[in-house]
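Taking it in order: structure first as structure tokens, then the write-up.
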Amino acid sequence: MTDSKQSFDTIPLLSGLGEAERKRIASVSHWSNVSKRQLVMEKGGESQGLWIVTQGRLQGLDYTIDGREVGLYFITPGQFFGELALIDGQSHPEHVIATAASEVCLIPLPICRDLMRHHPGIANQISNALATRVRNLIRQRTLLTLATPLQRLAAQLIDLANETTQIEFIPTHQELAMMINASRETVTRAFRTLQVQGIVKRDGNRLILQHRTSLENMAQGIQGADD
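Numbering (my numbering), first residue to last: 153 to 379.
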């Protein structure tokens, strides 16, 4: 068994299974190495099972009527995707691409359905993940109603940081632009504003929110210039 398949032991979704069962699932699953920007799951496609990310990072996205990409969510190691089509039997409602060189594993559909039938804990995790995804998308939709790109960027950074004061793997300016309905150039200018004011600070791939309260005020339009 490869090191990648051994990493199956650390997947939260499967943590309640015995070692023999995890090995059996790993042996019948499909493993793929994907390059940056490679399409992993296609909108409109039928469910083949449940995808799990073991290395790298992926992003769910869709396109507007005029062809612009809209970033929906990120998927990091240990997380899974494709659960909506798995549950309702319909087609995938979004694309998923790799935002970095990644490794993914597809647990076949019959295995997934068997796991959900016989392991309520797994079914519960999948349902909770879907509920969280829906809540996040509702929050993202609300974010897009904010008046200026600077407000939307501030709100997006707060959302990515969750309850902390840092974002471990900050998305690129292009990825953020896709999420807040702005151009990459606009995001770059907005970031420059935040950095000049000392509100955020880059530290390699990490972004530190040095003044979270100021960022929250900016998201609410209390301060900060329009872009």
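A virtual CB, placed ideally from N, CA and C, is assigned to each residue, including glycine.
From a predicted model like this one, the values you see are computed outputs, not experimental measurements.
Could you pull out every residue in the same chain whose Cβ sits closer than 7 angstroms to the Cβ of residue 299, ignoring the five residues on either side in sequence?
-> 373
Spatial neighbours of residue 263 in its chain, beta-carbon cut-off 8 angstroms, leaving aside the 5 residues before and after: 177, 180, 181, 201
Roughly how many angstroms lie between the CA atoms of residue 348 and residue 362, to the nearest whole one?
12 angstroms
(message) Among 234, 345, 318, whose alpha-carbon lies nearest the alpha-carbon of residue 355?
(response) 318
* Alpha carbon to alpha carbon, what distance is there between residue 346 and residue 206? -> 33 angstroms
Roughly how many whole angstroms lie between the Cα atoms of residue 260 and residue 254?
19 angstroms
> When the Cβ atoms of the region 330 to 343 are set against those of the region 264 to 277, are three or more pairs found closer than 8 angstroms?
Replying inline: no
Can you tell me whether residue 175 is helix, strand or coil according to DSSP?
helix
Exposure of residue 303, with buried meaning 16 or more beta-carbon neighbours within 10 Å = buried
- Message: Across the region 306 to 320 and the region 282 to 296, are there enough close Cβ pairs to call them in contact, namely three or more that are closer than 8 angstroms?
- Response: yes
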